[in-house]
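Trainee: Mind looking over this structure? Questions follow.
Number of protein chains: 2
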Amino acid sequence: MPLRVIAFDADDTLWVNEPYFRDTEKALYALMQDHFPEDVVNEILFKVEIDNLPLYGYGIKGFMLSMIEAVIQLSGQALPITFIEQILLLGKNMLDKPVELLDDVEEILAALQGRYRLILATKGDLLDQQRKLMKSGLGKYFHHIEVMIDKRESDYQSLMTRLDIEPSEFMMVGNSLKSDIVPVLALGGHAVHVPFHTTWLHERMEDIPKHGKFRELHRLKGLLHML
Amino acid sequence: MPLRVIAFDADDTLWVNEPYFRDTEKALYALMQDHFPEDVVNEILFKVEIDNLPLYGYGIKGFMLSMIEAVIQLSGQALPITFIEQILLLGKNMLDKPVELLDDVEEILAALQGRYRLILATKGDLLDQQRKLMKSGLGKYFHHIEVMIDKRESDYQSLMTRLDIEPSEFMMVGNSLKSDIVPVLALGGHAVHVPFHTTWLHERMEDIPKHGKFRELHRLKGLLHML
Numbered sequence: 123m124p125l126r127v128i129a130f131d132a133d134d135t136l137w138v139n140e141p142y143f144r145d146t147e148k149a150l151y152a153l154m155q156d157h158f159p160e161d162v163v164n165e166i167l168f169k170v171e172i173d174n175l176p177l178y179g180y181g182i183k184g185f186m187l188s189m190i191e192a193v194i195q196l197s198g199q200a201l202p203i204t205f206i207e208q209i210l211l212l213g214k215n216m217l218d219k220p221v222e223l224l225d226d227v228e229e230i231l232a233a234l235q236g237r238y239r240l241i242l243a244t245k246g247d248l249l250d251q252q253r254k255l256m257k258s259g260l261g262k263y264f265h266h267i268e269v270m271i272d273k274r275e276s277d278y279q280s281l282m283t284r285l286d287i288e289p290s291e292f293m294m295v296g297n298s299l300k301s302d303i304v305p306v307l308a309l310g311g312h313a314v315h316v317p318f319h320t321t322w323l324h325e326r327m328e329d330i331p332k333h334g335k336f337r338e339l340h341r342l343k344g345l346l347h348m349l
Numbered sequence: 123m124p125l126r127v128i129a130f131d132a133d134d135t136l137w138v139n140e141p142y143f144r145d146t147e148k149a150l151y152a153l154m155q156d157h158f159p160e161d162v163v164n165e166i167l168f169k170v171e172i173d174n175l176p177l178y179g180y181g182i183k184g185f186m187l188s189m190i191e192a193v194i195q196l197s198g199q200a201l202p203i204t205f206i207e208q209i210l211l212l213g214k215n216m217l218d219k220p221v222e223l224l225d226d227v228e229e230i231l232a233a234l235q236g237r238y239r240l241i242l243a244t245k246g247d248l249l250d251q252q253r254k255l256m257k258s259g260l261g262k263y264f265h266h267i268e269v270m271i272d273k274r275e276s277d278y279q280s281l282m283t284r285l286d287i288e289p290s291e292f293m294m295v296g297n298s299l300k301s302d303i304v305p306v307l308a309l310g311g312h313a314v315h316v317p318f319h320t321t322w323l324h325e326r327m328e329d330i331p332k333h334g335k336f337r338e339l340h341r342l343k344g345l346l347h348m349l
């Protein structure tokens with residue numbers, strides 16, 4: 123079947139996201155530098171985040187809770203309770219950040235809008251994602267917005283079933299091989315990988331898929347030449 | 123137009139929710155009782171929650187962050203940082219709670235399922251709500267699940283537009299006058315209020331609407347006699 127629906131990941135595909143997490147981690151390391159070295163904080167934080175992922179899911183609030191938990195685990199009696207206030211502030215600043223669109227995003231969506239059904243398929247906290255979509259001004263280009271709990275094969279399957287889309291009519295565009303590419307190819311859909319310079323450790327994969335329905339682009343704008 | 127779609131609120135309409143928040147608040151008061159009286163903790167917590175609502179939205183993770191913030195505001199140097207660990211535990215226990223269905227819920231949904239399109243229209247954290255729906259075993263009765271950021275008139279309007287429903291074909295069933303009843307009546311839809319014994323202060327309204335499309339039931343099962 124001909125391609126009919128293009129789904130876009132949002133964070134680090136349409137707008138900047140992961141660098142804000144990295145910046146916040148750096149701010150946390152700076153806060154703690156008189157007490158603990160960066161690599162120790164980093165190691166514990168990553169472990170706490172992964173442990174909490176099934177309970178908290180993806181998003182800033184879960185990240186805030188994990189930062190707090192990691193700091194307490196490290197601190198013992200070394201830090202006062204008011205130290206946590208600064209972590210709450212770091213998190214609130216993240217929630218308040220403006221949305222920074224990546225290169226040419228609006229032009230690309232405008233060009234594709236009439237020719238395909240465009241979907242936003244993003245992962246994370248519902249309120250965070252809706253707020254970012256609102257601030258981005260991109261809402262008008264999308265026929266449907268889907269905030270997914272996770273992006274496994276079964277999650278894409280249920281999305282396609284619900285929207286009545288065959289995998290062969292469906293293309294996913296995103297920066298994460300693990301979340302945006304591999305599960306969609308497995309279902310028989312098309313997938314376009316647009317790598318972003320910062321990708322969370324948990325989302326990284328070493329192997330680039332070899333697959334007839336897979337393409338890798340260095341810039342999102344390549345979509346316009348490809349389609 | 124004849125009634126075609128019935129939307130159910132979930133928390134405290136289909137399953138127990140608010141009492142878990144109240145229980146957790148009581149556990150927090152007990153934790154702090156050697157330092158601060160209950161009414162002081164309660165007052166600050168409520169204020170912090172309302173202030174954070176635009177940023178955090180509804181849900182357990184935002185509640186955890188607000189409990190932490192309230193305790194730090196109160197504490198000064200009086201409490202050690204490890205005190206926060208106990209609040210994280212209280213929150214994690216909430217996230218892990220089993221789902222307790224209210225009376226006759228499954229029987230009611232089974233009876234209505236063939237005659238109407240049933241929708242779950244709930245508010246809060248996407249992951250929390252999906253987890254509860256999964257644990258509840260009620261997913262099979264619903265044609266569509268909508269986790270809403272808020273339940274204002276505009277939120278219901280966009281839900282109806284997206285699902286191609288006229289207000290006059292739509293009935294909302296829920297325990298909150300403010301969130302489930304008033305906005306739906308304002309749009310011209312039907313609304314059935316089933317009060318629950320515990321309602322968060324922020325959701326309370328004094329005036330019972332007088333309206334031809336409004337009904338109040340003491341038990342959800344009254345729906346079966348009404349329809």
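For the protein sequence lines, the chains are A and B, in the order given.
Residue 123 is where the first sequence starts when you use the working numbering, and the numbers rise one by one after that.
Residue 123 is where the second sequence starts when you use the working numbering, and the numbers rise one by one after that.
Cβ coordinates follow ideal geometry from the N, Cα and C atoms, glycine included.
From a predicted model like this one, the values you see are computed outputs, not experimental measurements.
1) For B:GLN251, which residues of its own chain have a beta-carbon under 6 angstroms away from its beta-carbon, when the five flanking residues on both sides are left out?
2) Among the candidates A:ILE241, A:ARG274, A:SER301 and A:MET186, whose CA atom is the shortest distance from the CA of A:LEU260?
3) What alpha helix (DSSP H) runs, 4 residues minimum, are completely inside the region 202-231 of chain B?
4) Is the Cβ of B:LYS169 closer than 8 angstroms to any Cβ of chain A?
5) What distance in whole Å lies between the Cβ atoms of A:GLU291 and A:MET123, which are believed to be in contact at a cut-off of 8 angstroms?
6) Throw me the rounded Cβ distance for the A:ALA200 and A:HIS265 pair, which I believe falls under 8 angstroms.
7) Using 8 angstroms as the Cβ pair cut-off and three pairs as the minimum, do the region 301-316 of chain B and the region 125-135 of chain B touch?
8) Should B:PRO305 go down as buried or exposed, given a rule of 16 or more other Cβ atoms within 10 Å for buried?
9) Mapping DSSP to helix, strand and coil, what is B:ALA233?
10) Sorted by chain position, which residues of the same chain lie with C-beta nearer than 7 angstroms to A:GLU222's C-beta, five sequence neighbours on each side aside?
11) Which residues in chain B have a C-beta closer than 8 angstroms to the C-beta of A:PHE205? List them in chain order.
12) Grouping DSSP H, G and I as helix and E and B as strand, with all else coil, what is B:PHE318?
13) Residues of the region 276-310 of chain B with a CB closer than 9 angstroms to any CB of chain A: list them in chain order, please.
14) Please tell me whether A:GLU191 has its Cβ less than 8 angstroms away from any Cβ of chain B.
15) Examine chain A for any beta-carbon lying closer than 8 angstroms to the beta-carbon of B:GLN199, and answer yes or no.
16) In the DSSP assignment, find the alpha helix (DSSP H) that holds A:PHE185 and state where it starts and stops.
17) Closer than 8 angstroms, Cβ to any Cβ of chain B: which residues of the region 238-262 of chain A, in chain order?
18) Should A:VAL269 be flagged as near chain B, meaning a C-beta pair shorter than 8 angstroms?
19) Spell out the partners DSSP gives A:GLY296 in its beta bridges.
20) Would you report the Cα separation of A:SER353 and A:GLU288, rounded to the nearest angstrom?
Mentor: Judging by the given coordinates:
1) THR244 and VAL269
2) A:ILE241
3) Entirely contained in the region 202-231 of chain B, the alpha helix (DSSP H) runs reaching 4 residues are, in chain order, 205-218.
4) Taking CB atoms only, B:LYS169 has no neighbour in chain A less than 8 angstroms away.
5) 5 angstroms
6) Rounded, the Cβ-Cβ distance is 53 angstroms, inconsistent with contact.
7) yes
8) buried
9) The answer is helix: DSSP assigns B:ALA233 an H, G or I state.
10) TRP137 and VAL138
11) Under the 8 angstroms cutoff, chain B gives ILE203.
12) coil
13) ARG284
14) Yes, contact with chain B.
15) Nearest CB-CB separation between B:GLN199 and chain A: below the 8 angstroms threshold.
16) 182-197
17) ASP247, LEU248, LEU249 and GLN252
18) yes
19) According to the DSSP secondary-structure assignment, A:GLY296 is paired through a beta bridge with A:HIS315.
20) Shown here, chain A extends from 123 to 349; a query on residue 353 of chain A therefore has no answer.
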